[in-house]
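There are 2 protein chains.
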Amino acid sequence: MSLDLDSVDVTAANALAAGTNKPQKRIVASGLGGKLMGTKDMINVTAEQLAKDSINSLLVKDQQERERYAKNMHISEQPWTAANWHEHVNWLNVYLVVMIPVMGMAAAFFWVPPQLKTLVLAFGLYVMSGISITAGYHRLWSHKAYKARDPLKIVFALFGAGAVEGSIKWWGHSHRVHHRYTDTPRDPYDARRGFWYSHLGWMLQKPNPKYKARADISDLADDWIVRVQHRHYLTIMFFMAFILPTIVAGYFWGDYWGGLVYAGILKAFTIQQATFCVNSLAHWIGVQPFDDRRTPRDHFLTAIVTFGEGYHNFHHEFPSDYRNALKWWQYDPTKYLIWVSSKLGLAYNLKTFSQNAIQQGLLQQQQKKLDRLRSNLNWGTPLSELPVWDKSEFFEKSKVQPGLCIISGIVHDVSGFMSQHPGGETLIKTSVGKDATVVFNGGVYAHSNAAHNLLATMRMAVIRDAGAVSETFSIQERMMAEKDAKKAN
Amino acid sequence: MSLDLDSVDVTAANALAAGTNKPQKRIVASGLGGKLMGTKDMINVTAEQLAKDSINSLLVKDQQERERYAKNMHISEQPWTAANWHEHVNWLNVYLVVMIPVMGMAAAFFWVPPQLKTLVLAFGLYVMSGISITAGYHRLWSHKAYKARDPLKIVFALFGAGAVEGSIKWWGHSHRVHHRYTDTPRDPYDARRGFWYSHLGWMLQKPNPKYKARADISDLADDWIVRVQHRHYLTIMFFMAFILPTIVAGYFWGDYWGGLVYAGILKAFTIQQATFCVNSLAHWIGVQPFDDRRTPRDHFLTAIVTFGEGYHNFHHEFPSDYRNALKWWQYDPTKYLIWVSSKLGLAYNLKTFSQNAIQQGLLQQQQKKLDRLRSNLNWGTPLSELPVWDKSEFFEKSKVQPGLCIISGIVHDVSGFMSQHPGGETLIKTSVGKDATVVFNGGVYAHSNAAHNLLATMRMAVIRDAGAVSETFSIQERMMAEKDAKKAN
Ligand code: HEM
Ligand code: HEM
Ligand SMILES: [Fe+2]
Ligand SMILES: [Fe+2]
Ligand SMILES: [Fe+2]
Ligand SMILES: [Fe+2]
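Protein chains in written order, with our numbering: chain A, 1 to 489; chain B, 1001 to 1489.
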């Protein structure tokens, strides 16, 4: 670039993007559980390190990295062996998202029979916590897709904690990193590494510190609700996820254990899995109406399990749109919740991308598909690759090779087609060795577009100075229009 | 055209296309009823008259026509008045397709109660006669879409006559004219003149002799079954349409009148209306996946009432394809009948157009739609229409006009967008007045295709010699690829 000297400083900009410019409000650590959707190991990185991928400083920094890790290889870079496998594992997460749910399932299976009332409670909490993640954690806090009043935010913060997916601060941070570094090694749930990695694997093993990343979350730290929730996350989470359902089911219908197992553990497990599906399923199955150069996909199934977060191809293109689904027949209850909240005065400033931008994406993707299809079809030899003949050449060649016929300045070999001609063999036979431009283009019959396509596949040569164009149909249209114009006079 | 002298003679070719070159086998007229789907008035025309529309001879001939009709104006060119309306009307057709059915309906309503057995007979005959029209009259005889053995052809000729739509010869002739002159004044059922005209109107009034047309039906005249049917059409028609159902219903369950009214008159009426729907409905409602420059359309409803002839947009593009519907979920029982017949050895040489030609049509139509949509969207000012600035000009202007920012060699005005930026206001603010190419294209964040589209709408100027291209996303892709390549080393 000729303008390098006046360019934005990449490192400084990365510092901004990581939020390191502002004096970050210190929030006392909330304990282990807050980190579920992101660990400190993954984000301890400086702007300089983030900027190292920039084109300017790439080579030098890379060299330094390589030397550092050659000496002291991180566990995540070593192969899994019988001796070191336990070092690879992130045991805290294994307990929180695998062991406890397994114990819950065992309890449900062997000891705690389900009661209808408890199941209803579990479902109710599942919906409340689930939609607090999608409408609150995700669209409100991670993407600032709208603004909400405190009462609504408090509900989201409480029930969102009950989903056992970490605090808003942790969750939002790793989610922003995911958007910023989608499909790169810095993407925490890098979908290119397979379904299981993006679903759970990334959380159950130690990440590679080479690929740490950061995003600016100063707006989250500025939010007192986020701060309080983060500071007291363990308490809030335990109360909302496990104690509340235990007490409710126990106090009202005596089912303490059912409340804990069904409306506590298994409910949390279900929401966790649903959320993980956005990282795995939504980057794995479905269509890509907006852009197929990255992994996110739209699928009804993913939408069903995630309260409408399944239109993920759209979401990665237009992340701060409060909607995930655009069409009325697509399932996006989170969108409706936000919309209704705005009507009730609990939400405002709902952001949408312009219809222009949305349609542009759709169009470009469709165009790409068409171009791919086009290149697989036979459109006949391009005129520029055809030999150029004089009229006299045509007549000479016609004598030895029967079946040549000029239409719109192009010589065609119709010998193989004569017997199949829908308009009959005779008509083509009389046209052979001659210029059939007028009869083909309306003098006898104005052929369909399909016939013009077929004609192109029979090209042999171009007649010199005959003004041949590839689009023979346009010649016919012009001739027909001239005819009409003459008639009108 | 420079090759005029060696062109196919338009008049001679039209003579061929009208079949006037061959000694036509004389077939004794079959009487009035044979003409239903075409009248002699419509086809009494010479090749010279047909060729008059050709570009060469147009002006002279047109002058002659005009003079002729100025002196002696045909009834169809005169306005309808109280005095002449009965001269406009084609009374024979009015009786055959309106009066008799009305009488049949009246009889059914007031005097002849329906019996279940008779209704079943009526339905059976309806299916037999209807499919004889579609598989026989239409696809076999009019379009030569396949070849059939005599037993099948005899069935089609008999039950087809029972549909009371004229003989194969008449029907096929006017149908070929319809295909050859679709959407022109010579089209017997010219859809541009409205639904009712193409449905029935054309048949109930006298046609304009100026627009007579002809097609080559020498192959039909060569077919003994077509000849016999045409010669004895009145007898066969009366027997198959009315006498047979009357006798069957009368002899077996004593319902003579019911047989005549339901399985005779009303059955024929229903098939007539269904066939007319191909001329009206199929040129009026539905989609145009292959070409929207002419009236034919695809619609499920039309297919339902016409045993599968409703995919008429396809059919006009690929008339000699034995199929009308391509997809398994489209309704085309006629296609299956032909296919099963071929497996039974009753049909052979089933014609299909190449998949290549079919996909080309679909693709070109979709391309047209995309192009239309594209022209309605805002893609930003084309680079060629932007002013060209020097670097120094940019820095000067930046001082007075805050919000200018260079990305990929193009100056953008981002002032209106800063507060809406999904990546935050700060990042754009630091980029203002500078070249943000690297940070925008991956140095900080590799923006989505959508972001690049949005960026284009903010264009202000081009920087001299900066190699600006319209496709800024391609620049980002190149930069990212270079980065990967460097890393890989
Ligand atoms: C040599 C290349 C030709 C090709 C590839 C071709 C192709 C076709 C095709 C695909 C059709 C089906 C209807 C349609 O698609 O519109 C058709 C019909 C027809 N063609 Fe050609 N044709 C050729 C030459 C000619 C010539 C030279 C004439 C006249 C002198 C002619 C006269 C007709 C007529 C009269 C029909 C019948 C229209 C109808 O009944 O639907 N064709 N042709
Ligand atoms: C001036 C024109 C700019 C436009 C039109 C623009 C547009 C956008 C859009 C539409 C997004 C949403 C995500 C996406 O579509 O990929 C976005 C996100 C982002 N942009 Fe920009 N941007 C601009 C400038 C910049 C600059 C100069 C920087 C960096 C210095 C930057 C950094 C970011 C970051 C970090 C994100 C957040 C990624 C995420 O969390 O998903 N943008 N931008
Ligand atoms: Fe994602
Ligand atoms: Fe997101
Ligand atoms: Fe038609
Ligand atoms: Fe047809």
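Glycine residues also receive a C-beta, built at the ideal position from the N, C-alpha and C atoms.
Closer than 8 Å at the beta carbon, the chain B residues around A:Val169: Locating residue 169 of chain A in the first sequence gives position 169, where the first residue counts as 1. Looking at the sequence provided, one finds Lys at residue 169 of chain A rather than Val. None at all; the shortest Cβ gap to chain B is about 17 Å.
Please work out which residues of its chain come closer than 7 Å, Cβ to Cβ, to B:Tyr1532, disregarding the five sequence neighbours upstream and downstream, and give them in chain order. With chain B covering only 1001 through 1489, there is no way to say anything about residue 1532 of chain B.
Interface residues of chain B facing A:Pro319 [CB-CB closer than 7 Å]: Position 319 of the first sequence, counting from 1, holds the residue named residue 319 of chain A. Contact annotation for A:Pro319 against chain B: Pro1422 [CB-CB distance below 7 Å, chain order].
Could you tell me if B:Asp1222 is buried or exposed, where buried requires 16 or more neighbouring beta carbons within 10 angstroms of its beta carbon? As a first step, residue 1222 of chain B must be located in the second sequence, where it is residue number 222. Here B:Asp1222 is exposed, its C-beta having fewer than 16 other C-beta atoms within 10 Å.
On a CA-only basis, which of A:Ala135, A:Gly172, A:Val414 is nearest A:Val340? Give me that one, please. As a working mapping, residue 340 of chain A is identified with position 340 in the first sequence. The option with the nearest alpha carbon to A:Val340 is A:Ala135.
By a C-beta neighbour count over all protein chains shown, 10 Å radius and 16 as the cutoff for buried, is B:Ser1419 buried or exposed? Sequence index remark: in the second sequence, residue 1419 of chain B carries index 419 (1-based). It is exposed - the Cβ of B:Ser1419 has fewer than 16 other Cβ atoms within 10 Å.
Pick helix, strand or coil for B:Met1073, following the three-state DSSP scheme. Taking the first residue of the second sequence as 1, we reach residue 1073 of chain B at position 73. B:Met1073 carries a coil assignment under DSSP once its states are collapsed to helix, strand and coil.
Just checking: is the beta-carbon of A:Ala481 within a distance shorter than 8 Å of some beta-carbon in chain B? Mapped onto the first sequence, residue 481 of chain A falls at position 481. A:Ala481 does not count as touching chain B.
Rounded separation between B:Ile1154 and B:Ile1225 - CA only: Position 154 of the second sequence, counted from the first residue, corresponds to residue 1154 of chain B. Position 225 of the second sequence, counted from the first residue, corresponds to residue 1225 of chain B. Their Cα atoms are separated by approximately 7 Å.
Please determine whether the Cβ atom of A:His299 lies at a distance below 7 Å from any heavy atom of ligand 3. Here residue 299 of chain A refers to the residue found at position 299 of the first sequence. False, no ligand heavy atom lies under 7 Å from that Cβ.
With a cut-off of 8 Å, does the C-beta of A:His312 fall near any C-beta of chain B? For the purposes of this step, residue 312 of chain A is taken as the residue at position 312 of the first sequence. At a cut-off of 8 Å between beta carbons, A:His312 makes no contact with chain B.
Reduced DSSP category for B:His1143 - H, G, I as helix; E, B as strand; rest coil: Position 143 of the second sequence, counted from the first residue, corresponds to residue 1143 of chain B. Of the three classes helix, strand and coil, the one that applies to B:His1143 here is coil, per DSSP.
Taking CB distances under 8 Å as the criterion, tell me whether B:Leu1220 reaches chain A. Here the question's residue 1220 of chain B lines up with position 220 in the second sequence. Chain A, which has no Cβ nearer than 8 Å to the Cβ of B:Leu1220, makes this no.
When burial is assigned at 16 or more other CB atoms within 10 Å of the CB, is B:Ala1241 buried or exposed? Here residue 1241 of chain B refers to the residue found at position 241 of the second sequence. Counting the other Cβ atoms within 10 Å of the Cβ of B:Ala1241 gives 16 or more, which makes it buried.
Ordered list of alpha helix (DSSP H) runs contained in the region 312–368 of chain A, each at least 4 residues: The qualifying runs are 312–317, 333–343.
From the DSSP output, in three-state form, read off B:His1178 for me. For the purposes of this step, residue 1178 of chain B is identified with residue 178 of the second sequence, where counting begins at 1. Correct three-state label for B:His1178: helix.
If we require 4 or more residues per run, which alpha helix (DSSP H) segments fall completely within the region 213–297 of chain A? Counting whole runs of 4 or more residues, the region 213–297 of chain A contains the alpha helix (DSSP H) stretches 218–221, 224–231, 233–238, 244–253, 256–260, 267–279.
Determine which residues of the region 428–441 of chain A have a Cβ less than 7 Å from any Cβ of chain B, and write them out in chain order. Listed by position along the chain: Thr430, Ser431, Lys434, Asp435, Ala436, Thr437, Val438, Val439.
Can we count A:Ile463 as close to ligand 1, meaning its CB is less than 7 Å from some heavy atom? Within the first sequence, numbered from 1, the residue matching residue 463 of chain A stands at position 463. Between ligand 1 and A:Ile463, a heavy atom-to-CB distance of less than 7 Å is absent.
Quick one: which chain B residues come within Cβ less than 9 Å of A:Asp390? For this step, residue 390 of chain A is matched to residue 390 along the first sequence. The contacting residues do not exist; A:Asp390 stays about 11 Å from chain B at best.
Using only the alpha-carbon positions, how far apart do B:Phe1276 and B:Leu1200 sit? As a position in the second sequence, residue 1276 of chain B is number 276, starting the count at 1. As a position in the second sequence, residue 1200 of chain B is number 200, starting the count at 1. Approximately 7 Å between the Cα atoms of the pair.
Could you confirm whether any beta carbon from chain B is found closer than 8 Å to the beta carbon of A:Asn453? Here residue 453 of chain A refers to the residue found at position 453 of the first sequence. The beta carbon of A:Asn453 sits closer than 8 Å to some beta carbon of chain B.
Please confirm whether B:Tyr1189 and B:Ser1198 have their CB atoms less than 8 Å apart. On the second sequence, position 189 is the one that residue 1189 of chain B refers to. On the second sequence, position 198 is the one that residue 1198 of chain B refers to. Remark: C-beta atoms of B:Tyr1189 and B:Ser1198 approach each other more closely than 8 Å.
For B:Pro1387, does the count of other Cβ atoms within 10 angstroms reach 16, so buried, or fall short, so exposed? Counting from 1 along the second sequence, the entry for residue 1387 of chain B is found at position 387. By the 10 Å Cβ count, B:Pro1387 comes out exposed.
Give a yes or no on whether 8 Å exceeds the smallest Cβ distance from B:His1447 to chain A. If you number the second sequence from 1, residue 1447 of chain B lands on position 447. When Cβ-Cβ separations below 8 Å define contact, B:His1447 makes no contact with chain A.
So is the beta-carbon of A:Gly423 under 7 Å away from any non-hydrogen atom of ligand 1? The residue you call residue 423 of chain A lines up with position 423 of the first sequence. Yes; taking the cut-off as 7 Å, the Cβ of A:Gly423 has a heavy atom of ligand 1 nearer than that.
Would you mind reading off the limits of the alpha helix (DSSP H) that contains A:Ile428? Along the first sequence, one-based indexing puts residue 428 of chain A at 428. Element bounds for A:Ile428: 425–431.
Label B:Val1400 either buried or exposed according to how many other C-beta atoms from any shown protein chain fall within 10 Å of its C-beta, with 16 as the threshold for buried. Position 400 of the second sequence, counted from the first residue, corresponds to residue 1400 of chain B. By the neighbour-count rule (16 or more Cβ atoms within 10 Å), B:Val1400 is not buried but exposed.
B:Leu1119, enclosing alpha helix (DSSP H) - first and last residue: In the second sequence, the residue the question calls residue 1119 of chain B occupies position 119. Counting along the chain, the alpha helix (DSSP H) containing B:Leu1119 begins and ends at 1116–1131.
Please report the distance separating the alpha-carbon of A:Leu377 from that of B:Asn1449. To locate residue 377 of chain A, count along the first sequence from 1; it is residue 377. To locate residue 1449 of chain B, count along the second sequence from 1; it is residue 449. Going by the C-alpha atoms only, they are around 28 Å apart.
Which value, in whole angstroms, describes the spacing of the CA atoms of A:Tyr348 and A:Met105? Here residue 348 of chain A is taken as the residue at index 348 of the first sequence, counted from 1. Here residue 105 of chain A is taken as the residue at index 105 of the first sequence, counted from 1. Between A:Tyr348 and A:Met105, the C-alpha separation is close to 41 Å.
For B:Trp1089, which residues does DSSP report across the bridge? Taking the second sequence and counting its residues from 1, one reaches residue 1089 of chain B at position 89. As written in the sequence, residue 1089 of chain B is Val, which differs from the Trp given in the question. Answer is B:Gln1205.
Give the residues of chain B in contact with A:Arg374, contact being defined as C-beta atoms less than 7 Å apart. Here residue 374 of chain A refers to the residue found at position 374 of the first sequence. Leu1363, listed in chain order.
Where does B:Arg1459 fall in DSSP's three states? One-based indexing of the second sequence puts residue 1459 of chain B at position 459. DSSP places B:Arg1459 in strand when its eight states are reduced to three.
Who are the near neighbours of B:Met1128 in its chain, counting only those whose CB is closer than 6 Å to its CB and skipping five residues on each side? Numbered from 1 along the second sequence, position 128 holds the residue referred to as residue 1128 of chain B. Spatial neighbours of B:Met1128 in its own chain (CB-CB distance under 6 Å, excluding positions within 5 residues in sequence) are listed in chain order as Phe1159.
Cross-chain neighbours of B:Thr1472 in chain A, by beta carbon under 8 Å: Numbered from 1 along the second sequence, position 472 holds the residue referred to as residue 1472 of chain B. Result: empty, since nearest Cβ-Cβ is about 13 Å, beyond 8 Å.
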